[in-house]
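In our numbering, the protein residues as written are 2 to 98.
What follows is a short report on a single structure.
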């Protein structure tokens, strides 16, 4: 997503409008008040984790997810990324069926 001008929030909002739920993949422990207070952690202590935290989302995935649902999620993500003004090479989605 570095080459995209869309941020994670825009992708999440766009997917939500398509009826596709997402979530933040992981929460940084250094954001937790306990770890900040007890260990004195700051976001700058873990720059790679902080960078990834701002970019990563979890897409719907579960045992038994249907091919139709996978295609809907992947297609929706493709729409959101294609709508973004970016310099990345075009993404071509193929059917899984």
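In this text, a Cβ means the ideal position worked out from N, Cα and C, and glycines have one as well.
If you're wondering where the values come from, they're calculated on a predicted model, not measured in any experiment.
Given residue i as reference, the closest of the options once Cα atoms are compared
i	options	result
residue 61	82, 50 and 77	77
residue 13	72, 52 and 56	56
Within 9 Å, strictly: CB atoms of residue i and residue j
i	j	result
residue 23	residue 16	yes
residue 19	residue 29	no
residue 82	residue 25	no
residue 66	residue 9	no
Anticipated Cβ contact below 8 Å, residue i with residue j, distance rounded
i	j	result
residue 21	residue 80	Their Cβ separation, rounded to whole angstroms, is 10 Å, which puts residue 21 and residue 80 out of contact at 8 Å.
Bridge partner(s) assigned by DSSP for residue i
i	result
residue 58	25
For residue j and residue i, the rounded distance between their alpha carbons
i	j	result
residue 54	residue 40	20 Å
residue 51	residue 34	16 Å
residue 48	residue 84	29 Å
residue 71	residue 11	21 Å
residue 27	residue 63	17 Å
residue 69	residue 38	47 Å
residue 36	residue 46	12 Å
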